[in-house]
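Asker: Throughout, our numbering is defined as the position within the sequence shown, counted from one, plus 53. No residue lacks a Cβ here, since even glycine has one placed at the ideal position from N, Cα and C. Shown below is the structure under consideration.
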Amino acid sequence: MHGVSAPVPGARWSAGDAPRRSPVPPGGRGLVHRITGALKEYDWGIPDGLAAWSGRSDGRPQAELWFGVHPTGPSPVVGTETTLADACAVGEVPILVKLLAAAHPLSIQVHPNAEQAARGYAHQGDTAMYSDDQEKTELLVALEPFEAFCGWRDMGTAARVLSELSNTDEAVRALESGDREAALRALLELASTCDIRAWNAELPSAVERARWNEADVAAYRTVVDEFPEDPGIPVTVMLDRISLDVGDAVYVPAGIPHSYIRGIGLEVMTSSDNVLRMGLTGKPVHREEAIRCLDWSAAPVVIRGSDHIAPAGAPFSVDLVREATVASGDYRLLLGIDGPLTVEFPEWEVDVAVGEALALTATDPAVRVRASGRAAVVRATA
């Protein structure tokens, strides 16, 4: 059982009278909270890309809306001057949910596991590489078609493209011998041994000559156009490229390198903002620490066309519903994707507008959700 079930025709929600409409009870531990997202206006965001949910339309890039308690973006509680972090203990809200809108590629990045994050945060000094001491594992559900570099490409396939380019003998030999780390390090050194702008400019043509598909060629043209002199671009040859249709998802455990290229999606992750970057960014890059956190054999999990998204080992799940009963026992976040929703409790019901979400702690009761379009039921499962 995954805690979400479709309503049984003819079944009554409660044994008493029909639920009465009521506001969410005032704040306090053990009570539900209606929240809005904390907006992040990063340069890679889509102009007004999240306006349907943020309620703002000023032409600025809207990159992410955060629903959670992370200190760099706690969610405001509707009708109060407090945030969800004020109302709930951190342990009561173990996941962070985001709406993400990417017009431009995000950095090539990796997230640490629990041990790496704890050690890195404790010993980082003034480097500010880590935002917190938590593992970051994430899931992205495409709300519009989504493109990404994610996970490792077959080494032989990557070697064939690199052999079409100059100054790559060391990287090609490493890939042919099965040594991904040596190949990655050799590619990151290209900027010190050749004209990296000229090398990057030739990459899309090399991909085309290798007869990779048109979407691959387009992805490389995008990153080269956006970051013509970035020393991290050669690394993208080692990364697989994935396309997600609406409703598809990709699960990215800690240690897997990735770069989201474009699209709009729903992200769910452990409550962490730890990002270690290797390129495609103007933000601080910490290549050695990123390499230390890479998992050289793990792979992302792509889920196609399922309304119940619960990858094995993931500490959370997502159900895309229009009407459902949501069991209690775990932290849950209920979010309307295409329109508002109504959440029915045993003795009252709550309207949740577009751009708002309802946060329920593990001690809050089971509820019934009715949505005018798709709604996301996000559950912490670990």
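#1: Under the three-state reduction of DSSP, which class applies to residue 215: helix, strand or coil?
#2: Is the separation between the beta-carbon of residue 100 and that of residue 113 shorter than 8 Å?
#3: Mind checking residue 245: buried by the 16 CB within 10 Å criterion, or exposed?
#4: Select from 141, 138, 200, 259 the residue whose C-alpha is nearest the C-alpha of residue 155.
#5: Flag this pair as yes or no: are the beta carbons of residue 161 and residue 375 separated by less than 8 Å?
#6: Are the C-beta atoms of residue 284 and some chain B residue less than 8 Å apart?
#7: Tell me, please, which residues DSSP counts as bridged to residue 370.
#8: How close, in whole Å, do the beta carbons of residue 149 and residue 86 come, if the pair is a contact with beta carbons under 8 Å?
#9: If the criterion is Cβ atoms closer than 8 Å, does the pair residue 123 and residue 370 meet it?
#10: What beta strand (DSSP E) runs, 3 residues minimum, are completely inside the region 332 to 368?
#11: From residue 204 to residue 271, what does the alpha carbon distance come to, in whole angstroms?
#12: Using three-state DSSP, classify residue 115 as helix, strand or coil.
#13: If residue 103 sits next to residue 152, beta carbons under 8 Å apart, how far is it from one beta carbon to the other, in whole angstroms?
#14: Which residues in the same chain have their Cβ closer than 7 Å to the Cβ of residue 88, if we skip the five residues on either side of it in sequence?
#15: Quick one: give me the first and last residue of the alpha helix (DSSP H) that residue 273 is part of.
Answerer: Quick answer:
#1: helix
#2: yes
#3: exposed
#4: 200
#5: no
#6: Absent here is chain B; the protein component of the structure consists of one chain.
#7: 432
#8: The pair is not a contact, with the Cβ atoms about 15 Å apart (cut-off 8 Å).
#9: no
#10: 354 to 356
#11: Taking the straight line joining both Cα atoms gives about 18 Å.
#12: strand
#13: 6 Å
#14: Counting only Cβ-Cβ distances below 7 Å, and skipping sequence neighbours, we find 120, 128, 129, 130, 131, 137, 409, 410, 412.
#15: 267 to 279
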